[in-house]
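Here's what the structure looks like:
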């Protein structure tokens, strides 16, 4: 067999043994390096904090961050922030969350805009939000009839997200308030 035709295929069991930060999509390992920068962490914190507050009145939904989602035996991703609206089965997430935020960097943009876009759509994630720190905007997509439809670009607007048991108003302007210039 020629080396060009040989492709390693890994599983969640392999993934659990690896050191460092990785994602696994369709059996292909993807390194998560370098680690997120300060701007990325600030945005993730603001997203998580806002979601935690607005979800206080939602009976089943909760915000989580930096947690692995095992979609299949050969696919594990770690979204920046997500909203889960059903109780997890144990300590690992094995079902699609309702809502995912990914904060893009030059190192992750293609993965988030292409591979994860298709993956989250195929897995039934109802709302997908791509956050662009340098542009200070977010693109919101909603799953409609098995495909993502762009809802819009948001900078300083509010948007209402319809979840199974509640509706959540998210204020995108709060992401940029007090943020320092993008540092990566």
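Numbering (the numbering used here), first residue to last: 120 to 303. Even for Gly, the Cβ is constructed at its ideal location relative to N, Cα and C. If you're wondering where the values come from, they're calculated on a predicted model, not measured in any experiment.
Beta-bridge pairing of residue i - partner residues as DSSP gives them
{"i": "residue 165", "result": "For residue 165, which the question treats as bridged, DSSP gives no partner whatsoever."}
{"i": "residue 154", "result": "Residue 154 pairs with nothing; no bridge assigned."}
{"i": "residue 278", "result": "289"}
{"i": "residue 171", "result": "Its beta-bridge partners do not exist; DSSP assigns none."}
Which of helix, strand or coil DSSP assigns to residue i
{"i": "residue 233", "result": "helix"}
{"i": "residue 228", "result": "helix"}
{"i": "residue 136", "result": "coil"}
{"i": "residue 271", "result": "strand"}
{"i": "residue 211", "result": "coil"}
{"i": "residue 245", "result": "coil"}
{"i": "residue 292", "result": "helix"}
{"i": "residue 203", "result": "strand"}
{"i": "residue 149", "result": "strand"}
{"i": "residue 238", "result": "helix"}
{"i": "residue 300", "result": "Below a pLDDT of 50, predicted positions are generally treated as unreliable, and residue 300, at 43, falls in that range; no measurement from the model is reported."}
Run of the alpha helix (DSSP H) containing residue i, from where it starts to where it stops
{"i": "residue 129", "result": "It is not in any alpha helix (DSSP H) - residue 129 carries neither H nor E in the DSSP assignment."}
Residue i and residue j closer than 9 Å at C-beta
{"i": "residue 285", "j": "residue 183", "result": "no"}
Sequence-distant residues of its chain with Cβ nearer than 7 Å to residue i (five each side left out)
{"i": "residue 293", "result": "165, 169"}
{"i": "residue 167", "result": "182, 184, 200"}
{"i": "residue 213", "result": "189"}
{"i": "residue 243", "result": "215, 262"}
Residues of its chain near residue i, where Cβ-Cβ distance is below 6 Å and the 5 sequence neighbours each way are ignored
{"i": "residue 227", "result": "none"}
{"i": "residue 217", "result": "202, 204, 245, 282"}
{"i": "residue 269", "result": "260"}
Start-to-end residues for the beta strand (DSSP E) that takes in residue i
{"i": "residue 182", "result": "181 to 184"}
{"i": "residue 261", "result": "256 to 263"}
{"i": "residue 143", "result": "141 to 144"}
{"i": "residue 217", "result": "Residue 217 -> no beta strand (DSSP E), and no H or E assigned at all."}
Beta-carbon contacts of residue i that lie in its chain and below 8 Å, excluding the five residues immediately before and after
{"i": "residue 248", "result": "218, 219, 220, 221, 257, 258, 259, 260"}
{"i": "residue 211", "result": "187, 189"}
Residue i: CB within 8 Å of a non-hydrogen atom of the ligand ZN
{"i": "residue 258", "result": "Because no ligand of any kind appears in the structure shown, any question about the ligand ZN cannot be addressed here."}
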